[in-house]
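Shown next, in structure tokens, is the structure this report addresses.
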Amino acid sequence: MRDWQDRGGEPLEEQDQIIPDCYRKEVLVLGCGNVLFGDDGFGPAVAQRLQAEGRLPASAEALDVGTGVREILFTLLLSPAKPRRLIIVDSANIGAAPGSIASLRPDQLSAAKAVDFSLHQTPTAHLLKELANGGGVDVVILAVQPDRIPDAVSLGLSPAVSAAIPPACEMVAKLIQSR
Numbered sequence: 065m066r067d068w069q070d071r072g073g074e075p076l077e078e079q080d081q082i083i084p085d086c087y088r089k090e091v092l093v094l095g096c097g098n099v100l101f102g103d104d105g106f107g108p109a110v111a112q113r114l115q116a117e118g119r120l121p122a123s124a125e126a127l128d129v130g131t132g133v134r135e136i137l138f139t140l141l142l143s144p145a146k147p148r149r150l151i152i153v154d155s156a157n158i159g160a161a162p163g164s165i166a167s168l169r170p171d172q173l174s175a176a177k178a179v180d181f182s183l184h185q186t187p188t189a190h191l192l193k194e195l196a197n198g199g200g201v202d203v204v205i206l207a208v209q210p211d212r213i214p215d216a217v218s219l220g221l222s223p224a225v226s227a228a229i230p231p232a233c234e235m236v237a238k239l240i241q242s243r
């Protein structure tokens with residue numbers, strides 16, 4: 065059993081060692097969604113494109129987190145070292161034309177709308193709010209309006225959402241550069 069108790073103000077060395085280095089970057093981009101369900105794979109597609117292009121500075125990291133975002137957010141919330149900015153990329157019903165991208169803040173995710181948000185639901189929205197309000201992290205959510213998220217496995221993005229990948233990558237690049 066590991067000892068996770070505070071050692072008189074000293075850093076929790078074991079905890080520090082299990083937190084991946086990429087979580088300590090100045091800017092962390094998390095591509096969320098399930099590639100098996102059509103346009104829900106938008107976030108992973110953006111993260112993969114950012115990785116493949118190699119344009120990210122050393123201070124930033126893009127990860128395809130699939131549907132595992134909640135565990136990562138919880139780890140970040142408990143971590144003593146947090147990114148300055150956290151960019152979440154996902155598909156969500158934002159009430160716009162398919163392929164439209166909205167930049168949102170956690171406080172814009174009202175309790176009533178949180179169930180529509182696809183970040184794999186309300187507990188995740190609360191974690192984002194806690195990271196922003198209590199954790200001092202600048203949280204930005206880039207949400208694309210999906211055209212289709214099927215009930216059964218269906219690989220591939222719709223043309224409208226696929227066309228939104230380059231502009232989303234540009235938005236991420238600008239967010240990385242801005243203070």
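Mapping of the sequence shown onto our numbering: residues 65 to 243, in sequence order. By construction, the Cβ of each residue, glycine as well, lies at the ideal position given by its N, Cα and C atoms. Everything numeric in this text was worked out from a predicted model, so none of it was measured.
Pull up the distance between the alpha-carbon of residue i and that of residue j, whole angstroms please.
| i | j | result |
| --- | --- | --- |
| Ala207 | Ile83 | 27 Å |
| Gln172 | Val203 | 11 Å |
| Arg88 | Ile229 | 25 Å |
| Leu100 | Phe106 | 11 Å |
| Lys193 | Asp104 | 22 Å |
| Thr139 | Ala109 | 23 Å |
| Pro121 | Leu239 | 12 Å |
| Pro94 | Leu127 | Residue identity differs from the one stated: residue 94 is Leu in this sequence, not Pro. Computed Cα separation, rounded: 5 Å. |
| Glu234 | Lys146 | 24 Å |
| Ser222 | Gly102 | 7 Å |
Can you give the beta carbon distance from residue i to residue j, rounded, assuming they're within the 8 Å contact cut?
| i | j | result |
| --- | --- | --- |
| Ala216 | Arg119 | The Cβ separation is near 35 Å, so there is no contact. |
| Cys96 | Ile152 | 6 Å |
| Leu150 | Leu114 | Not really, about 15 Å apart at Cβ, beyond 8 Å. |
| Ala227 | Gly163 | 6 Å |
Which of the three DSSP states, helix, strand or coil, is assigned to residue i?
| i | result |
| --- | --- |
| Glu90 | coil |
| Arg243 | coil |
| Ala126 | strand |
| Val236 | helix |
| Ala216 | coil |
Exposed or buried, residue i, counting other C-beta atoms within 10 Å across all chains shown (16 or more means buried)?
| i | result |
| --- | --- |
| Gln241 | exposed |
| Cys86 | exposed |
| Ala116 | exposed |
| Leu219 | exposed |
Determine, using beta carbons only, whether residue i and residue j come nearer to each other than 9 Å.
| i | j | result |
| --- | --- | --- |
| Asp211 | Val201 | no |
| Arg134 | Leu92 | no |
| Ile156 | Ile205 | Per the sequence shown, the amino acid found at residue 156 is Ala instead of Ile. Against a cut-off of 9 Å, the Cβ pair of Ile205 and Ala156 comes out as a contact. |
Quick check: is the beta carbon of residue i nearer than 9 Å to any beta carbon in chain C?
| i | result |
| --- | --- |
| Gln209 | The chain inventory of the structure shown lacks chain C, comprising one protein chain alone. |
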